[in-house]
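See structure below.
Residue numbers (my numbering): 95 to 199.
Now the structure itself:
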């Protein structure tokens, strides 16, 4: 049993999916993992920051959200080892800005 989806896809040709202790699916690992990911609840690795009251800066550019996407553009909460992901950072501004820079550490 594993929650390491990358390992499952690399090591197992067949998988089962259990929900609340009950067998809900059996089949090729790729299909079972896809089903598992499709049935996850709202992404937990998502930050919605639109209405955060305490901010620094001059307010011309607001960081409002951050989330993960898979290679087909769908939001995900769990990256799969060996598969591409995109880290999406959303900003809004009430004016046109040029030469905007930001840094991640």
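Note that beta-carbon positions come from the ideal geometry of N, C-alpha and C, so glycine has one too. Predicted, not measured: the structure shown is a model, and the values here were computed from it.
Of 156, 171, 176, the smallest CA-CA separation from residue 188 is found for 156. Residue 158 sits in a strand when the DSSP states are folded into three classes. In this structure, DSSP gives residue 143 a state outside helix and strand, which the three-state scheme calls coil. Below 8 angstroms, too few C-beta pairs join the segment 177-197 and the segment 114-134 to call them touching: fewer than three. When the beta-carbon positions are compared, residue 162 and residue 173 come within less than 8 angstroms of each other. Of 105, 124, 130, the smallest CA-CA separation from residue 118 is found for 130. Distance from the CA atom of residue 185 to the CA atom of residue 152, rounded to whole angstroms, is 14 angstroms. Annotation: residue 124 to residue 154 spans about 45 angstroms, alpha carbon to alpha carbon.
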